[in-house]
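Comments concern the structure below.
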Amino acid sequence: MPYAILRVAKIKTAQAGAAKTAHNYRLRETPNADAERKPMNHEYINTAERNYWELATERIQEAG
2 MPYAILRVAK
12 IKTAQAGAAK
22 TAHNYRLRET
32 PNADAERKPM
42 NHEYINTAER
52 NYWELATERI
62 QEAG
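The sequence shown begins at 2 in the numbering used here and counts up one residue at a time.
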């Protein structure tokens with residue numbers, strides 16, 4: 002049966018945001034992830050693999 006894992010945590014610094022982005026996109030070594038399965042990942046909003054911190058900052062500016 003397919004399943005999904007969703008974790009929500011506050012990211013307090015740009016450095017932490019960059020680290021989360023690198024981990025999620027496998028831009029750095031992620032030993033607990035099967036690299037052969039990466040093409041199976043789907044992200045429906047951030048398709049350009051942009052930094053999460055930058056995306057959040059842009060959204061905050063848009064909202065005012």
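Built from N, CA and C at the ideal position, the CB exists for glycine as well. Remember, predicted model here, so these are calculated numbers, not experimental data.
- Here Thr-22 is buried: its Cβ has 16 or more other Cβ atoms, across all protein chains shown, within 10 Å.
- Going by C-alpha positions, Ala-64 is about 35 Å away from Glu-30.
- Arg-27 sits away from Lys-13, with the two beta carbons spaced by 8 Å or more.
- Here DSSP, grouped into helix, strand and coil, assigns Ala-19 to helix.
- DSSP places Leu-56 in the uninterrupted alpha helix (DSSP H) bounded by 53-64.
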